[in-house]
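See below for the structure under consideration.
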Amino acid sequence: MTEPALPPKPVARPDRVSLWRYGRLFRKDILSAQPARLYRAWMAEFRTPFFRSFLVNQPELVSEVLKARPMDFPKSDRISEGLRPLLGGSVFVSNGADWERQRRIIDPAFSGGRLQQCWPHLTAAADAAAARLAGLDGQSVEIEEITSHAAADVIFRVLFSIPIEHAAAAKVFRAFQSYQRSQPILNLAAFLPLPRWVPRGFSRRTRRTAREIRALIAAMVDKRRAEIAEGKAPDDLATKIMTTPDPETGRCFTPEEMVDQVAIFFLAGHETSASALAWALYLLASEPTWQARLVDEARDVPLDRLSALSHLSLTRDVFRETLRLYPPVPMMVREARAPERFRQRVVPKGAQIVLSPWHLHRHELLWDAPDAFDPGRWQTEAAANSARNAYLPFSAGRRVCSGAGFAMAEGVLLLARILQAVRVAPVAGRVPVPEAHLTVRARDGIWLTVSRR
Ligand code: HEM
Numbered sequence: 029m030t031e032p033a034l035p036p037k038p039v040a041r042p043d044r045v046s047l048w049r050y051g052r053l054f055r056k057d058i059l060s061a062q063p064a065r066l067y068r069a070w071m072a073e074f075r076t077p078f079f080r081s082f083l084v085n086q087p088e089l090v091s092e093v094l095k096a097r098p099m100d101f102p103k104s105d106r107i108s109e110g111l112r113p114l115l116g117g118s119v120f121v122s123n124g125a126d127w128e129r130q131r132r133i134i135d136p137a138f139s140g141g142r143l144q145q146c147w148p149h150l151t152a153a154a155d156a157a158a159a160r161l162a163g164l165d166g167q168s169v170e171i172e173e174i175t176s177h178a179a180a181d182v183i184f185r186v187l188f189s190i191p192i193e194h195a196a197a198a199k200v201f202r203a204f205q206s207y208q209r210s211q212p213i214l215n216l217a218a219f220l221p222l223p224r225w226v227p228r229g230f231s232r233r234t235r236r237t238a239r240e241i242r243a244l245i246a247a248m249v250d251k252r253r254a255e256i257a258e259g260k261a262p263d264d265l266a267t268k269i270m271t272t273p274d275p276e277t278g279r280c281f282t283p284e285e286m287v288d289q290v291a292i293f294f295l296a297g298h299e300t301s302a303s304a305l306a307w308a309l310y311l312l313a314s315e316p317t318w319q320a321r322l323v324d325e326a327r328d329v330p331l332d333r334l335s336a337l338s339h340l341s342l343t344r345d346v347f348r349e350t351l352r353l354y355p356p357v358p359m360m361v362r363e364a365r366a367p368e369r370f371r372q373r374v375v376p377k378g379a380q381i382v383l384s385p386w387h388l389h390r391h392e393l394l395w396d397a398p399d400a401f402d403p404g405r406w407q408t409e410a411a412a413n414s415a416r417n418a419y420l421p422f423s424a425g426r427r428v429c430s431g432a433g434f435a436m437a438e439g440v441l442l443l444a445r446i447l448q449a450v451r452v453a454p455v456a457g458r459v460p461v462p463e464a465h466l467t468v469r470a471r472d473g474i475w476l477t478v479s480r481r
């Protein structure tokens with residue numbers, strides 16, 4: 029048996045850093061700021077003059093916050109604040125009764141048979157991505173740009189039944205790209221020792237781009253409303269969400285609320301999947317043996333049927349392992365609504381509780397060979413155990429990602445389809461360094477050479 033590969037560590041990890049240095053590193057990159065001891069610690073506290081933050085790695089505490097008492101640890105406004113210009117009061121940033129109502133309307137759109145209905149859209153987007161890559165035969169390409177395009181294509185097709193080439197979709201996609209570039213590191217505000225009154229999170233450009241995106245989405249929502257009224261709307265996610273009343277109040281989303289939800293579906297649905305797919309292709313480029321196994325696995329599988337998924341277990345393991353090493357959402361932040369006691373320490377009311385897939389997934393006491401790329405681990409009891417305690421790519425509990433099942437299916441299908449079309453290889457001298465923006469991206473992109481199979 030060969031030794032599992034070690035993908036590059038995020039960066040050389042400093043062992044201890046002062047708060048001042050932490051702050052400085054944060055401005056550069058949240059991931060390289062993480063000292064080595066946090067990958068062994070059960071909990072760490074950061075005291076600032078204005079508030080306190082606790083990074084929680086102990087599985088029982090993570091479970092307490094996310095699963096047992098989520099309502100006592102609502103989403104932190106320090107994070108939501110930065111996303112409000114784009115997301116308004118959407119399900120991603122709301123809390124309490126308002127959040128519960130929104131989930132009651134959204135969840136049915138992702139339940140059961142939906143995936144079956146979405147499958148033709150998914151395969152059409154996968155075919156388009158594969159054809160696009162095959163057309164770049166022999167070239168070195170920045171793969172994140174291509175996976176972003178592919179994931180956005182998926183989301184436009186499943187939400188509004190239009191491909192990314194459609195004029196409205198293309199405009200929204202370009203505006204989102206500009207938003208991503210203008211957005212600083214997402215979780216910055218939860219850690220930096222700044223009081224709440226210091227303006228942060230978004231620049232004038234970010235606000236302007238957010239307004240543009242919302243106006244474009246509002247036009248799509250209006251058009252769909254008219255189609256629903258005329259009985260001519262396609263049966264897709266947008267129609268489903270717009271026509272589902274809240275079972276408790278009987279009320280549907282208002283047009284403004286629908287713009288909030290569409291904005292989060294675009295953002296959460298394409299940024300994350302694009303990041304995961306790009307890192308998966310990078311890992312497979314670095315590990316040709318696994319790449320070959322995946323190609324073999326999918327060779328005779330008819331990918332145009334949903335049942336294909338049950339034949340792609342190695343591809344699924346590779347995708348899972350990618351989400352472990354490069355979780356697209358590296359950290360989540362909650363706020364303690366009341367004083368708590370964690371590991372004999374007082375957690376004051378208002379403290380920021382940081383749950384970090386980034387640390388948990390590479391925790392030295394929770395995983396064997398945590399930095400190794402070893403998709404084979406997913407067939408072992410040890411990994412199943414580690415996963416129960418320390419695997420949160422989609423979060424957990426009531427606020428778990430609404431699109432988790434969808435995203436897994438999408439990732440596996442796109443990976444299988446792309447590898448049927450092209451071989452990917454690393455580009456010498458271009459080792460991607462992960463950086464946290466809205467999702468985990470590479471500092472100078474992820475460069476791969478693609479060649480048609
Ligand atoms: C690989 C792909 C994806 C990953 C890793 C991912 C991860 C996550 C995580 C970690 C959260 C929780 C964030 C927090 O609590 O702060 C979340 C929430 C959410 N995600 Fe995903 N996601 C993915 C794809 C999708 C897709 C495809 C959709 C929809 C089309 C989606 C929709 C949402 C929504 C609506 C929420 C908010 C849920 C709530 O707060 O109640 N995500 N996602």
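Position in the sequence shown (first residue = 1) + 28 = this note's numbering.
Glycine is no exception: its CB is placed at the ideal position from the N, C-alpha and C atoms.
For residue i, the three-state DSSP class (helix, strand or coil)
i, result
"valine 182", "helix"
"isoleucine 474", "coil"
"leucine 220", "For leucine 220, the pLDDT reaches just 48, beneath the cut-off of 50, and the residue's location in the model is therefore unreliable, leaving the point undetermined."
"proline 484", "For the chain, the structure presents residues 29 to 481; residue 484 sits outside this window and is missing."
"alanine 308", "helix"
"glutamine 208", "helix"
"arginine 426", "helix"
"phenylalanine 120", "coil"
"arginine 75", "strand"
"lysine 56", "Confidence at lysine 56 is low in this model, with a pLDDT of 47, below 50, so its placement is unreliable and the value that follows should be read with caution. Looking at lysine 56 - three-state DSSP - the assignment turns out to be helix."
"valine 93", "helix"
"lysine 103", "strand"
"methionine 542", "What is shown of the chain runs 29 to 481, which leaves residue 542 out entirely."
"phenylalanine 201", "helix"
"proline 275", "coil"
"valine 468", "strand"
"serine 189", "coil"
"arginine 526", "Residue 526 cannot be examined here, being either before or after the span of the chain that is shown, 29 to 481."
"arginine 481", "coil"
"proline 403", "helix"
"proline 98", "helix"
"proline 483", "Nothing about residue 483 can be reported from this structure: the residues present for the chain run from 29 to 481 only."
"proline 488", "Look at the range of the chain in this structure, 29 to 481, and you will see that residue 488 is not part of it."
"glutamate 392", "coil"
"histidine 298", "helix"
"histidine 194", "coil"
"proline 398", "coil"
"aspartate 135", "helix"
"alanine 69", "coil"
Element boundaries [beta strand (DSSP E), containing residue i]
i, result
"leucine 83", "80–84"
"isoleucine 381", "380–383"
"serine 341", "Element bounds for serine 341: not the beta strand (DSSP E) but the alpha helix (DSSP H), 341–353."
"valine 169", "168–170"
Per DSSP, the bridge partner or partners of residue i
i, result
"alanine 449", "Beta-bridge pairing links alanine 449 to no other residue."
"valine 374", "Arg369"
"proline 462", "Ala470"
Pair within 8 Å by beta-carbon distance, residue i and residue j
i, j, result
"threonine 477", "alanine 453", "yes"
"lysine 268", "alanine 435", "no"
"alanine 302", "serine 176", "yes"
"alanine 203", "valine 182", "no"
"threonine 467", "proline 356", "yes"
"alanine 180", "isoleucine 192", "yes"
"isoleucine 381", "alanine 366", "no"
"proline 385", "leucine 420", "yes"
"methionine 71", "phenylalanine 79", "no"
"asparagine 413", "proline 87", "no"
"arginine 451", "serine 423", "no"
"leucine 383", "arginine 362", "yes"
"leucine 164", "alanine 449", "no"
"glycine 259", "glycine 431", "no"
"isoleucine 292", "phenylalanine 101", "no"
Alpha helix (DSSP H) segment containing residue i, residue limits
i, result
"proline 262", "That residue, proline 262, is in no alpha helix (DSSP H); it is neither H nor E in DSSP."
"alanine 162", "142–162"
"alanine 418", "409–418"
"isoleucine 292", "283–294"
"alanine 326", "316–326"
At least 3 beta-carbon pairs within less than 8 Å: the region 455–466 vs the region 139–148: no
At least 3 beta-carbon pairs within less than 8 Å: the region 392–403 vs the region 60–69: yes
Cβ pair count under 8 Å reaching 3, the region 252–259 against the region 116–135: no
Three CB pairs or more closer than 8 Å across the region 403–411 and the region 280–291: no
Contact between the region 234–251 and the region 88–96 (3+ Cβ pairs under 8 Å): no
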